[in-house]
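First the structure, in the form of C-alpha cells, and then the observations on it.
Protein chains: 2
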Amino acid sequence: MSNLSLIETARDFNRFYTNFLGLLNKAYLDTPFTLTDARILFEIGSHGGISAVALARDLQLDPAYLSRILKRFRAEGLIETNRDPADLRSQVIIVTDQGRETFEELGRRSNAQIAARFDRLATGEPEAAVSAMHTIRALLDPAAKPAPAIIRAHRAGDIGWIVQSQGRFYAEEYGWDLRFEALVAEVAGKFLANFDPAKEYCWIAERGGINVGSVLVTNGGDGIAKLRLLYVDKSARGLGLGKLLVDECIHFSRQKGYRELSLWTNDMLETARAIYVKAGFRLVSEERHKMFGPEANGQNWVLDL
Amino acid sequence: MSNLSLIETARDFNRFYTNFLGLLNKAYLDTPFTLTDARILFEIGSHGGISAVALARDLQLDPAYLSRILKRFRAEGLIETNRDPADLRSQVIIVTDQGRETFEELGRRSNAQIAARFDRLATGEPEAAVSAMHTIRALLDPAAKPAPAIIRAHRAGDIGWIVQSQGRFYAEEYGWDLRFEALVAEVAGKFLANFDPAKEYCWIAERGGINVGSVLVTNGGDGIAKLRLLYVDKSARGLGLGKLLVDECIHFSRQKGYRELSLWTNDMLETARAIYVKAGFRLVSEERHKMFGPEANGQNWVLDL
DNA sequence: CGCATTTAATGGACTGAGTCAACTAATTCG
DNA sequence: CGAATTAGTTGACTCAGTCCATTAAATGCG
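Going line by line, the protein sequences match chains A and B. Letter by letter, the first sequence follows residues 1 to 305 of the working numbering. Letter by letter, the second sequence follows residues 306 to 610 of the working numbering.
Below, the structure written as C-alpha cells:
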C-alpha cells in the first residue's frame, strides 16, 4: 500500500493534466476534427497500413463508431481502404497524399501549441519537463517495454537504497519494526566501512536505471563466506533475478577460496528458501525469535563449496 | 524556439497520458457520475461555499451546462444552494452530508485506482513518478504553488533514504567516495539501533509524499547533543527547510535539558554554515582531512543552550 | 468434409453530454 | 436614473459515442 499523500499528489496532478490537455485539445476545434479524429488520423499516419480492429483496440474505440469515422475520412479523401488479401474480412487502411498533408498540418499545429507553451519557460526547463515525462511514462506505461535487468557492483547511494527498500518492505509486508531496518543499516554500513574487495562483494540488480535487487557476500572468517541481504523488489519478481544473485554469490565464494557459504533467513520468505534449496544449501538450525516484533522463524543455511 | 525532438516527445507523452487518464476516468462509469460530474463535486467538496460562476470559470464549463448539473445534484440531495446575501444574483453552493459522503467515496475509488497502479511499481518508483509529476506541474502550471513541506518523525525506510540521498549527493557533487556513505550508514544505523526517544530524535521533511530533508539529534553524553546528517534535497532548497530543521534540533535539545548542541560539517557547505551562524553556533575547531577522497575542511561548531 | 462458432466490419436506432441563444433578475457604472 | 453588465436559468438542438443486429469471411472441431 503506497503512501496516501503520494496518491493524493498523483490525483492532483491528474486533475491538473486533465485540464491542461483539455486546453490543448480545444485547439482541435479550430480544425474540423475532434480529438478522436485527430488521434485516429495520427495513428493511421504513423503506422501505415493498419487494420480497423487494431486501430479500435489501440485507441479503445467502439468498432461501429470507428467504422463511421473511417467512412467519413474515406469520403473526404483522407484515407483509402483495401481488403487485406490475407484476410478478406479485414481491411488495410492507408493515408492518401491529401490525408498525409492533413495529418502533418495537425502535427504542425500541435507542435506549435507545445512550442508556444515551452517558449514561455526558462532555458533548460523544457528539457526538465520532457525528462520528467519520460520518467512518468517509463513507470506508468506497461507498453513501454521493461528495460532488461543488469547486475553490477554497488556504487554511491546503493547501500542506502538497500537499507531503505528492505526497511520499508519488511515493515509493510510483515509488520517488522525499525529494529530490522537498524540491523540492515548496521550490516550494510559495516560492509561498506570494512569493504575488502578481495573477499567481499555487493551485487545490485538494476533495471532502466532503477535498483531492483541486491545481495552481499561478506567475510565471516574461518573460510566462511556469508550471503546477506538478498532482496528482489516486487516489481522485478519472477524474472529469476533472485537465483541469478545467489549464483553470483556462490560463484564468487568458490573463486575466492571460501570453504563454506552460510546465510540467515526467515521461513516466511518462501521464494528465497526455494532458491537456497535448489542451489544446494542445507538447513542446519532454526530458532523462533521476536527480534523485530512479530514472531518469526529464523533459519541458518549452509552450502559446502 | 524549442528543440523539435523535445516537442515531439512532449506530444508523445500527451498522447500517452490522454490514454492513461482515459483509462482511469472510465472508472467513473462504474458510478452514476461522469468525469465532469466528479470534477464539479470534487471542486465543491474541496472549496466549500463556492459560487457557480467561479466553478464554471475554474473548470472551464458552460454556465448553462453547469446550471443543469447543479440542478440535478440539488434534486439528488448532494448539494444545497443559498443566495449570496452579498450579491443576490449569486448563489453559495455547499455540499450536504450525503454529498460529502459521495464526494469522499469518489475520492476513495480514485485513490484505490492509483494505489493499484502504484502497487505494481518497485520501491521508490511511485516516489519517482510523483516527483516527476511535481516537476512537470511546476513548469507547466502557472498557478502551481509548490506543495507545502511537512516535518515529521522518521518511519520505516527513512533511515535508508538518508543514507542513500546523502551518499549519492556527496558523491555526485563533491566526488566523495563510498567511505562517506559508510559513515552515514554507521551514524544512521547506530541512531536507529540505540534509539532513545527521551534524548534523541529524527526529523524528516516531506513534500507531497517525497522525502526532501532530514536531520538527527543524538546523545553525545556529558549533556552534549549532537546535530547530525542535516540534508535538504536540491529540489527543495530555498524554502527555509534547513533552518526549520535546525530550529527543531535546537528546540528539542533545550527541552531535553542538554547544555550544548554540537555538530561537524565541512566548509564547502555554505548554505548550511549560514544557517548555523544565524542560529548562534560558533566555530570551535577546524581541520583539513581527506576522509572521503578529495581534500576538505572539517569544522566543529557548538551552540550553548 | 461440413457445421457451429468466432471475428471484422458496418448500418440502424438511440442516448445524453455539451453548446448556443434567449430571457430574468440583480448589480454596477456613468 | 437609465444603460450596460453579470449570475443564473431554460428551451432547442447537435453530434460524439454506445448498443444491438446483421453480413461475410475465417476458424475450429467432431
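Quick reminder that beta carbons are idealized off the backbone N, C-alpha and C, glycines included.
Quiz item: Is it the case that the Cβ atoms of lysine 234(A) and serine 262(A) are separated by a distance below 8 Å?
Solution: no
Practice problem: Can you give me the Cβ contacts of phenylalanine 597(B) inside the same chain, cut-off strictly under 6 Å, excluding the 5 residues immediately before and after it? | Solution: Trp481, Asp482, Arg484, Phe485
Quiz item: What are the boundary residues of the alpha helix (DSSP H) that includes serine 253(A)?
Solution: 241-255
Practice problem: Below 8 Å on the Cβ atoms is my guess for arginine 207(A) versus alanine 149(A); work out the distance and round it to an integer in Å. | Solution: Cβ-Cβ separation between arginine 207(A) and alanine 149(A): approximately 4 Å, consistent with a contact (criterion under 8 Å).
Practice problem: Indicate whether at least one CB of chain B lies closer than 8 Å to the CB of valine 163(A). | Solution: yes
Quiz item: Apart from the five residues just before and just after arginine 388(B), which ones in its own chain have a Cβ nearer than 7 Å to its Cβ?
Solution: Gln396
Quiz item: Which residue from Arg559(B), Glu565(B), Leu535(B) puts its Cα closest to that of valine 551(B)?
Solution: Leu535(B)
Quiz item: Is the Cβ of lysine 226(A) closer than 8 Å to any Cβ of chain B?
Solution: no
Practice problem: Given a cut-off of 8 Å, decide if isoleucine 93(A) and glutamate 248(A) are closer than it, judged by their beta-carbon atoms. | Solution: No; because the gap between Cβ atoms is not below 8 Å, this pair is not in contact.
Quiz item: What number of angstroms, rounded off, separates the C-alpha of isoleucine 275(A) from the C-alpha of leucine 183(A)?
Solution: 23 Å
Quiz item: Got a sec: is the Cβ-Cβ distance from serine 235(A) to anything in chain B below 8 Å?
Solution: yes
Practice problem: Give the secondary structure of alanine 153(A) by DSSP, where H, G and I count as helix, E and B as strand, and everything else as coil. | Solution: strand
Self-check item: Counted within 10 angstroms of its Cβ, other Cβ atoms place aspartate 463(B) as buried (16 or more) or exposed
Solution: buried
Quiz item: Can you tell me whether glutamine 255(A) is buried or exposed, with buried defined as 16 or more other CB within 10 angstroms of its CB?
Solution: exposed
Quiz item: Nearest to threonine 36(A) by alpha carbon, out of Ser351(B), Gly354(B), Phe347(B), Gly327(B)?
Solution: Gly327(B)
Quiz item: Under a CB-based cut-off of 8 Å, is proline 126(A) close to chain B?
Solution: yes
Exercise. Indicate, with yes or no, if the ligand FAD has a heavy atom lying under 7 Å from the CB of leucine 544(B).
Key: Questions concerning the ligand FAD fall outside what the structure shown contains, since it holds no ligand whatsoever.
Quiz item: Hey, does alanine 476(B) have any beta-carbon neighbour from chain A nearer than 8 Å?
Solution: yes
Practice problem: With DSSP collapsed to three states, give me the class of histidine 134(A). | Solution: helix
Quiz item: Going along the chain, which residues of its own chain have a beta-carbon closer than 8 Å to the beta-carbon of glutamate 592(B), five neighbours each way excluded?
Solution: Asn602, Gly603
Quiz item: Which bits of chain B does aspartate 304(A) rub up against, with CB to CB less than 8 Å?
Solution: Against chain B, a Cβ distance below 8 Å from aspartate 304(A) picks out nothing, because the smallest value is about 32 Å.
Quiz item: Do you know how far the Cα of isoleucine 515(B) is from the Cα of alanine 198(A)?
Solution: 38 Å
Quiz item: Which partner residues does alanine 296(A) have in the DSSP bridge list?
Solution: His289(A)
Quiz prompt | For arginine 379(B) and arginine 137(A), the rounded distance between their alpha carbons | solution = Using only the alpha carbons, I get a separation of about 40 Å.
Exercise. Compare the C-beta of arginine 422(B) with all C-beta atoms of chain A and state if any pair is closer than 8 Å.
Key: yes
Quiz item: Can you give the Cα-Cα distance for asparagine 324(B) and serine 214(A), rounded to whole angstroms?
Solution: 35 Å
Quiz item: Along the chain, where does the alpha helix (DSSP H) that runs through asparagine 416(B) open and close?
Solution: 402-424
Practice problem: On the DSSP bridge assignment, give the partners of valine 92(A) in chain order. | Solution: Beta-bridge pairing links valine 92(A) to Asn82(A).
Quiz item: Can the beta-carbon of glutamate 348(B) be found less than 8 Å from the beta-carbon of aspartate 363(B)?
Solution: yes
Quiz prompt | glycine 545(B) and alanine 577(B) closer than 8 Å at C-beta | solution = If you check the CB distance, glycine 545(B) and alanine 577(B) do not come in under 8 Å.
Quiz item: Roughly how many angstroms lie between the CA atoms of alanine 258(A) and glutamate 270(A), to the nearest whole one?
Solution: Alanine is not the amino acid found at residue 258(A); the sequence shown has tyrosine there. When rounded, the distance between both Cα atoms is 27 Å.
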